[in-house]
Structure formats: structure tokens, C-alpha cells
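By the UniProt record's numbering, the letter at position 135 of the sequence shown is numbered 135, and the numbering carries on one by one without gaps. Note that CB positions come from ideal geometry on N, CA and C, so glycine has one too. Structure first, then comments.
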Amino acid sequence: MKLKKKILWWLAGLLLIGMAIIIVVIFLNVSSPDKTPAKQNTNAEATVVQPAGKWSGKQKYPQNESVKLDVTFLSNKQYKLIETNTVSQCWTRTYYGGYHRTGDKIIFTPERITVNTYANKTALKSGSVAATEQIPKDQFHKQFGNQQLSKLTLQHKQIKIVHDHEKIYLSHKEVK
């Protein structure tokens, strides 16, 4: 009988210790905050670059030829795009116009285009223009086909532009 009482007391003690451990665990879980991070509702616009300032990019071709784009975002949703082309000919086109943004997409629509042609790369570098032409808006389609619109995609650290069959990645230029 004494053995049964000892076993009962021993089991009761284990039961009390077990209940105390359960109470402590429950108390610690209730009082400590959840360690898992809350899901953040991120917006795509918050993770892409902002269309402001000056951006530049270049597509290189064999024989040291290239197409370079310099984009400046102006005030009131206006832009200036300078396309410098040294592939087979040397010329620049300067586009001025407005843009429309939807999410991370931007469409440039030119209002005015100036074309400068150069005799060669040396003349281009020195700014010796051989001919200048202002293209009237009603002649954009005739001169350039459907390529007068530029389509931009804002990305995390750069802007991808599709312009005149070229796909070029633009990087932000620091103003000095």
C-alpha cells in the first residue's frame, strides 16, 4: 500500500510539473510577438525607377558603330530624346514631345523632330553639321513609318526603351 501511495504521489508530481510547463509555454507564446514577418503589399511602381532627369544608353554594332539614346524628362510630362546613329551614316534626331505613363509603361509621342546629318564620325564629334531638317508633324509617318512612338518600361534600376526597332537599356546620368 505504501508503494501505491508513493507511485500516486510521484505521478501527481509529474502531472503538476507537466501542467506547469504547458502553462509557461502558452504564456510565452501569447506574450511574445509572432516572429514571422507580415506579408507586405508591394506596388510595382514603388520598385521601379522614376522618370526624372537624364538617362542614356547605347547599342553597339561591329566596326565601332552604334546607336545612342539620350533621354531627358522635362516638366509637365514632356521629354527630349536625342538619337545619335553612326551605323552606315552619321546623323542625330532630336525628338521633343509629351509622354503618357500607365504603371511601369511610358509612351513617348513626338511633337517636333529635328534631323542633323554629318559627313562622318569626326564631323559628328566636332559638331560640324552638313544638313539640318525640321520634319513637319504630318510627315512623321512618311519619314519614319510607325517608329515615331517610343515605348519605355520602367525597371528596378534602369529603363528599357524600344525606339526605331532598337531595344536599349538606359541608365540614369548624374548631373555634374
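- In this structure, the alpha-carbon of T132 lies about 23 angstroms from that of Q78.
- Its chain contains V87 as the residues whose beta carbon lies nearer than 7 angstroms to that of Y61, once the 5 sequence neighbours on both sides are disregarded; these appear in chain order.
- Shortest Cα-Cα distance from L69 to any of T84, S75, N76 involves T84.
- Residue environment analysis places W10 among the exposed positions, since fewer than 16 neighbouring C-beta atoms fall within 10 angstroms of its C-beta.
- Between I161 and L170 a beta carbon distance of about 6 angstroms is seen, short of the 8 angstroms cut, so the two are scored as contacting.
- Short of 6 angstroms from the beta carbon of A52, and not among the five residues preceding or following it, lie these beta carbons of its own chain, in chain order: F73.
- CA-to-CA, the gap between S66 and Q89 works out to about 10 angstroms.
- Taking the Cα positions, Q63 is about 33 angstroms away from V49.
- Contact annotation: T47 and H172 have beta-carbon atoms that are not nearer than 8 angstroms.
- Checking the DSSP bridge columns, you'll see G97 partnered with Y79, P110.
- For T122, the uninterrupted alpha helix (DSSP H) run begins and ends at 121-126, by DSSP.
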